[in-house]
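**Q**
In my numbering, the protein residues as written are 174 to 1160.
1) Give me the Cβ distance between residue 501 and residue 723, rounded to the nearest whole Å; I'm assuming they're in contact under 8 Å.
2) Just how far apart, CA to CA, sit residue 531 and residue 706?
3) Rank 970, 898, 1006, 388 by C-alpha distance to the C-alpha of residue 869 and give the top, closest one.
4) What is the rounded straight-line gap between the Cα of residue 189 and the Cα of residue 543?
5) Helix, strand or coil for residue 625 per DSSP?
6) Find out if the Cβ-Cβ distance for the pair residue 1067, residue 1038 is shorter than 8 Å.
7) Within 10 angstroms of the Cβ of residue 738, are there 16 or more other Cβ atoms? Answer buried if so, exposed if not.
8) Are residue 261 and residue 683 close, meaning C-beta to C-beta below 8 Å?
9) Could you work out which residue in 222, 252, 475, 311 is closest to residue 765 when comparing CA atoms only?
10) Give the DSSP-derived three-state secondary structure of residue 1070 in the structure shown.
11) Rounded to whole angstroms, what is the Cα-Cα separation between residue 1058 and residue 1154?
12) Return the residue from the list 412, 417, 424 that minimises the CA-CA distance to residue 436.
13) To which residues of the same chain is residue 1103 closer than 7 Å at the C-beta, ignoring the five residues directly before and after it?
14) With 16 other CB atoms within 10 Å as the buried threshold, where does residue 396 fall?
15) Considering only DSSP beta bridges, list what residue 379 is partnered with.
16) On a Cα-Cα basis, can you pick out the residue from 574, 740, 755 that is closest to residue 661?
17) Buried or exposed: residue 1151, going by 16 or more other Cβ atoms within 10 Å of its Cβ?
18) Would you be able to state if there are at least three C-beta pairs under 8 Å between the stretch 344-356 and the stretch 364-376?
19) From which residue to which residue does the alpha helix (DSSP H) around residue 698 run?
20) Beta-carbon within less than 7 Å of residue 486's beta-carbon, same chain only, minus the 5 sequence neighbours each way: which residues are those?
21) Kindly identify the DSSP beta-bridge partner or partners of residue 1093.
22) Checking the sheet assignment: what are the DSSP bridge partners for residue 932?
23) Quick check on DSSP: helix, strand or coil for residue 246?
24) At what residues does the alpha helix (DSSP H) containing residue 1006 begin and finish?
25) Excluding the 5 residues flanking residue 331 on each side, which residues of the same chain have their C-beta closer than 6 Å to its C-beta?
26) Could you work out which residue in 987, 593, 917, 295 is closest to residue 930 when comparing CA atoms only?
27) Decide if residue 464 is buried, meaning its Cβ has at least 16 other Cβ atoms within 10 Å, or exposed.
28) Excluding the 5 residues flanking residue 1128 on each side, which residues of the same chain have their C-beta closer than 7 Å to its C-beta?
29) Among 224, 512, 702, whose alpha-carbon lies nearest the alpha-carbon of residue 297?
30) Assuming contact is defined by CB atoms lying nearer than 8 Å, are residue 728 and residue 781 in contact in what I supplied?
31) Rounded C-beta distance between residue 955 and residue 907? I'm assuming under 8 Å.
32) Going by DSSP, what residues sit across from residue 473 in a beta bridge?
33) Okay, do the stretch 679-696 and the stretch 629-649 touch, 3+ Cβ pairs below 8 Å being the bar?
34) So, residue 181 versus residue 503, is the Cβ gap smaller than 8 Å?
35) Helix, strand or coil: how does DSSP classify residue 591 here?
36) Compute the Euclidean distance between the alpha carbons of residue 759 and residue 665, then round it to the nearest angstrom.
This is how it looks when you write it as structure tokens:
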């Protein structure tokens, strides 16, 4: 039996392997088979063989294979007929039949998840467990009394796991079906036959750290027949029984002990000659010393607060490197790939890790589509935010008719229409024709827009089987791939094209074929299945060039050596990472079935990482210590245990405790860059002054005009003087302005028959008023835009509030409804037109009362303000020559609104009669009237307030507006959160 050949992990593996193969075979590779743990290793071995000057060319290369495919192929050859390989859904279907049969036999329907809907998520986990049992060569066993360890359905399945495993295998064998795991198990069971079949061949198993149970049986059978030679890249101490072996190679040490094998060290000839030339008598000792620790390496640790700081430090390190030849950037998480690509100093890099389909633009489009269906209401009404996200997706906006991309304009108009509606919208009921000022889209453009919406919305509304879901995805893929509409987009965006290809070639066939294709499943189950299939897919990058700067995952670094290594985000939850949560067989129970647990995965992670480190000359480890997020239970990230091991070794070598900020542990200190908080106020420039003068000259000044300036001058500037339009946002809880319009219309219709009649609450029918409200509200678009619960709440609340308002009506005589009041105010020899609309004018014993309905909050003047002579003296003293700027804030605080005083003055000026009072009718509070003056203010004081103080107040506001040099914000915790210009203000 051949000894295990060890290439020290301080040396380049493929160079040593190439020399070992040539030395063992003399360069004759006709009967040589080389096995690797991964397929990409074949490329590197061929390059090393091609670069050997002493190897005659041309030559026949050895057969090179990845162990998983080779083992599965051997196992399949021992089946009676070539097995038909099953995908995940087919395995779940067979397991469901078996579990349903067991439940029928044992009467355990209450425990077994026999219904396909409840079984499906468990079936996916059970299928994975069956595969692992096959790969490890472990028979299934019943695990009884697991009720306290797992959920009841899982406990029921584990209690009959042995029977399920046996029947599953019998079913697969009887029907000529297969899985990769079953084929590996067949190979292990026929290990002696495989050894006999491969007699006369020389097999080299290269670069393995651990093997599955099935692979180990096959390898052991070949090794005992002297057909197999193991070539490891590991600690050379494995060949020296007297020196401790690095802990990352303990699995290989146990492997030698179990097989009773011995190991010898082989090195690359060039490396051996260099070491011998330096000191021929100590070559081995020097080799051992280098392999025992990392003290001879240039080791750096960079501590950062967050990922942004890590990327900044990595960018600086790459810029300072003398060259980037044989440099590796190792990413433990595929999510780091995109930000790293943006900081690389050169574009010609080798990316040797697959990009997860779940992080692609295609996945975001699909997630948006699924989210639309998950939040959809009846009658095809979708949530507006999800619709906007769909319309903004670049895949849809890039669709074209001819050489142009017209959907951008159409979708922009559609988004504007969506923002005018409610929280839930039927996009097909909205106009796609655009604004009246725009040129109308061509019919073929409208047809394409409708086709795109149908493919993303209508096609997914009624999916109830995997096949229906796959057909909907097929329609979407056909739309995106249509050359008449996609043009050359997929030739320019290759990664997106690869993701779309993976969807069409892998995900869709999995859904549309197989035994469960027509199984009726709930929508959440179907969408969860699609998300899982997307998460399992990766878009590979072309591994070119093989030299220079390379970006790899930890697993992709296997067997490779680099001069310089940068390990990014080396935190515990990434390296080695937490074990995957398995609801069926948690990590703590895996040893009961003799399956590897998280301990073995940690050893594999340690081997991959330390093998990489020992082969490098410079090692830079970057990690973060800042909080991962702002959640209540989110912990700060901690350094990986392997980083702690490296630090500990360095501390032992230096004889002191390392402190962050002290070499070799550096801290990334980014200068604080707070968002500049400049003056949010806006100066009155010549252009602004011209706009203001034009507005004052051409427009009627309303109560809203004065109230806006009184409450916040900056908001007044944005609303009346700036071309900046507020972004239309949909009110999630309903369009309050539209509801207010409906209420005003209802009250106008209801009180019209009572004009000129003396009435009170007893004369009004609350039910009739409530019915009138419900009739108008049901016909309103604001009502249709609400979800069912919002509609019900709006109807019931509105009916109750209006009924209470009708009952609270005092003795009165309505004179007019929605009356336009207009008058002119002279200020500094200039006349300004003022206008207002009174909702209702009533005659009461004290005189005329002006009423204004309010469905929202109130902001009325305090009664005491009208008797404050000092305040009104300040108002009177603020003339055209002297404007008291500080008075504006005082009036804003004490008056709140000038609406009712303005209406009273307008009525008195235009009608020649001073009203007795004015009041807000607070409809949200049982219809109570909130008077402007009230009975405590005598009639003379009311007349003084209306005829004298109100015009002075309005004149002051106009003078203050004309004299303003800046429009300053007036922050208010009640108004600012609802201001449409709060983003631009930042006050």
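Just so it is clear, CB atoms sit at the ideal spot from N, CA and C, and this is done for glycine as well.
**A** Well, looking at it:
1) 5 Å
2) 9 Å
3) 1006
4) 52 Å
5) Residue 625: helix per DSSP, three-state reduction.
6) yes
7) buried
8) yes
9) With distances taken between CA atoms, residue 765 lies nearest to 311 out of 222, 252, 475, 311.
10) coil
11) In this structure, the straight-line span from the alpha carbon of residue 1058 to that of residue 1154 is close to 24 Å.
12) 412
13) 1031, 1033, 1092, 1093, 1095
14) buried
15) Residue 379 is bridged to 404.
16) 574
17) exposed
18) no
19) 696-709
20) 475, 477, 795, 841
21) 1025, 1103
22) 985
23) helix
24) From DSSP, residue 1006 is part of no alpha helix (DSSP H) but of the beta strand (DSSP E) over 1004-1017.
25) 316, 319
26) 987
27) Because residue 464 sits at a pLDDT of 42, beneath the cut-off of 50, its placement in the model cannot be relied upon, and the point is left open.
28) 998, 1000
29) 702
30) Between residue 728 and residue 781, the C-beta spacing is below 8 Å.
31) Approximately 6 Å separates the beta-carbon atoms of residue 955 and residue 907; this is inside 8 Å, confirming the contact.
32) 793
33) In the pairwise beta carbon analysis, the stretch 679-696 is classified as touching the stretch 629-649: at least three pairs are separated by under 8 Å.
34) no
35) helix
36) The alpha-carbon separation between residue 759 and residue 665 amounts to approximately 45 Å.
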